[in-house]
Amino acid sequence: MSLPAPFTIGRSLWSEARARFLVNRAALASLIVLGAIALAAVVGPHFTGHAYDRVYQDYVRVAPSHSAHPNPAELEQALARIGARLRARIERQGGLGDTVTLRLVAERPIDERMLALFERSDMLGTARIVERRDEGRSLVVDVPVRLRRFLLGTDSNGRDLLTRTLIAGRVSLAIGLLAALVALVIGVAYGSVAGFLGGRTDQLMMRLVDVLYALPFIFFVILLVVFFGRNFILMFLAVGAIEWLDMARIVRGQTLSIRRQEYVLAAEALGVGTRDILKRHVVPNLLGPVIVYTMLLIAKVILLESFLSFLGLGVQEPMTSWGVLIAEGARNIQGAVWLLIGPALMLIATLFALNFIGDGLRDALDPKDR
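Numbering (my numbering), first residue to last: 189 to 558.
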């Protein structure tokens, strides 16, 4: 008596796609890089020790460095400025740890209320009087030194560039994902329905797309700014509602090809409804090109945001984005090249990662490779 054949459990499209994606080293490495960038943008600003909008007037356009500020030269310049305001000569008597001991000598009694000038500096803290001499014309004070580090330097307003680059990553990635999600939902639904139904319905729906294509994009953005103000979330929701036009055309072209396939004709002959055919046969076979274009669309929206911010229609100060930082770095490239390098590298790494991930997903979701 022969034994029955062993029962084989089939694998779904998603499990096979996941397995093919995981063996693609370039796509997997890009996914890790993109995840690291997103994690750094979300968590990193909490550990830099600086607020993204904090202005350090004593640290304008400081070059990147791992060493703490102020250095001796910066400290001497700050003391000279404070001495000029106090109309006193400042002599360093020594220091212990993060505190320096200073002697202030003036021709007239020093107004002790003016010692608040030390606290107003970004380099020093509140001065504590240790000794008084000559009826207040000579004071010995202990002043704490505020040590700060600027790993990527500071910008032209004295703000920490590392913190602003990470905050900019939040804004740019959020804008790209938000607009791409809106375009994905509207474009796939609209294009698949138009391509599958065909005939006059297809012609009417695509003529509407042509009309929307004719609208001037910049004029549309200006209208959004007038109605919604400079709220970049609402604005880029509307931008996503325009970017779906390309997605709809791509999906429609693929759907016209898929609807002539034998498995679709067989489903129609068996009486399967239009909704189920779109859900089970058309949309799954569109995933390859759709996912690839979605990844490219995220990069496109990030670059579009850079352009709009450069025109003053996008992200506004003190909030920032990679496009805003790159535009500022380009203006200061001769004297402060570090203003351009950091944000540009983050943007380039993100765009490369999105492209490699898109290629990997295209290969993984292609039904012909099953």
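C-beta atoms are modelled at their ideal positions from N, C-alpha and C, and glycine is treated no differently.
Which listed residue (the options) has its alpha carbon closest to that of residue i
{"i": "residue 361", "options": "491, 553, 281", "result": "491"}
{"i": "residue 324", "options": "501, 299, 337", "result": "299"}
{"i": "residue 241", "options": "553, 519, 507", "result": "507"}
{"i": "residue 275", "options": "297, 288, 281, 534", "result": "297"}
{"i": "residue 244", "options": "386, 504, 348", "result": "348"}
{"i": "residue 251", "options": "454, 313, 337", "result": "337"}
{"i": "residue 187", "options": "237, 482, 525", "result": "Examination of residue 187 is not possible in this model, given that the chain is present from 189 through 558 alone."}
{"i": "residue 537", "options": "257, 264, 416, 510", "result": "510"}
{"i": "residue 378", "options": "220, 277, 439", "result": "439"}
{"i": "residue 383", "options": "280, 411, 437", "result": "437"}
{"i": "residue 353", "options": "248, 236, 219", "result": "236"}
{"i": "residue 462", "options": "428, 387, 381", "result": "381"}
{"i": "residue 346", "options": "239, 501, 279", "result": "239"}
{"i": "residue 531", "options": "351, 231, 303, 364", "result": "351"}
{"i": "residue 424", "options": "220, 501, 327", "result": "501"}
{"i": "residue 268", "options": "305, 287, 543, 489", "result": "305"}
{"i": "residue 386", "options": "445, 375, 410", "result": "445"}
{"i": "residue 475", "options": "534, 435, 454, 225", "result": "435"}
{"i": "residue 328", "options": "247, 249, 316", "result": "316"}
{"i": "residue 271", "options": "290, 256, 258, 257", "result": "290"}
{"i": "residue 286", "options": "302, 301, 332", "result": "332"}
{"i": "residue 288", "options": "229, 318, 370, 396", "result": "318"}
{"i": "residue 428", "options": "330, 543, 371", "result": "371"}
Buried or exposed by the 16-neighbour rule on C-beta atoms within 10 Å, applied to residue i
{"i": "residue 493", "result": "buried"}
{"i": "residue 549", "result": "buried"}
{"i": "residue 358", "result": "buried"}
{"i": "residue 404", "result": "exposed"}
{"i": "residue 541", "result": "buried"}
{"i": "residue 497", "result": "buried"}
{"i": "residue 407", "result": "exposed"}
{"i": "residue 260", "result": "exposed"}
{"i": "residue 196", "result": "Any reading at residue 196 must be qualified, since the residue scores a pLDDT of 48, below 50, and its modelled position is unreliable; no value is offered."}
{"i": "residue 254", "result": "exposed"}
{"i": "residue 392", "result": "exposed"}
{"i": "residue 314", "result": "exposed"}
{"i": "residue 309", "result": "buried"}
{"i": "residue 355", "result": "buried"}
{"i": "residue 504", "result": "exposed"}
{"i": "residue 443", "result": "buried"}
{"i": "residue 231", "result": "exposed"}
{"i": "residue 189", "result": "Any reading at residue 189 is ruled out, since the residue's pLDDT is 46, under 50, leaving its predicted position unreliable."}
{"i": "residue 295", "result": "exposed"}
{"i": "residue 321", "result": "exposed"}
{"i": "residue 441", "result": "exposed"}
{"i": "residue 488", "result": "buried"}
{"i": "residue 546", "result": "buried"}
{"i": "residue 364", "result": "buried"}
{"i": "residue 464", "result": "exposed"}
{"i": "residue 415", "result": "exposed"}
{"i": "residue 224", "result": "exposed"}
{"i": "residue 207", "result": "exposed"}
{"i": "residue 263", "result": "buried"}
{"i": "residue 203", "result": "exposed"}
{"i": "residue 335", "result": "exposed"}
{"i": "residue 211", "result": "exposed"}
{"i": "residue 205", "result": "buried"}
{"i": "residue 431", "result": "buried"}
{"i": "residue 527", "result": "buried"}
{"i": "residue 229", "result": "buried"}
Cross-strand partners of residue i (DSSP beta bridge)
{"i": "residue 293", "result": "277, 326"}
{"i": "residue 319", "result": "328"}
{"i": "residue 312", "result": "333"}
{"i": "residue 257", "result": "336"}
Handout entry: Completely contained beta strand (DSSP E) runs for the region 323 to 388, where each covers 3 or more residues
Key = 326 to 332
Exercise for the section: Answer yes if the region 468 to 484 comes into contact with the region 339 to 348, meaning at least three C-beta pairs across the two stretches below 8 Å, and no otherwise. Expected result: For the pair of segments examined, the region 339 to 348 was found not to touch the region 468 to 484: the number of CB pairs separated by less than 8 Å stays below three.
Exercise for the section: Please determine if the region 502 to 520 and the region 442 to 451 are in contact, where contact requires at least 3 C-beta pairs separated by less than 8 Å. Expected result: no
Problem - Validate contact between the region 384 to 400 and the region 518 to 531 using beta carbons, cut 8 Å, 3 pairs - result: no
Practice task
Enumerate, from N- to C-terminal direction, the unbroken alpha helix (DSSP H) stretches of 4 or more residues contained entirely within the region 392 to 467.
Solution key: 405 to 416, 420 to 446, 450 to 457, 462 to 465
Practice task
Would you list, in sequence order, the uninterrupted alpha helix (DSSP H) runs of no fewer than 4 residues that lie entirely inside the region 473 to 500?
Solution key: none
Exercise for the section: Any chance you could list the alpha helix (DSSP H) runs of at least 4 consecutive residues sitting entirely within the region 197 to 227, in chain order? Expected result: 201 to 210
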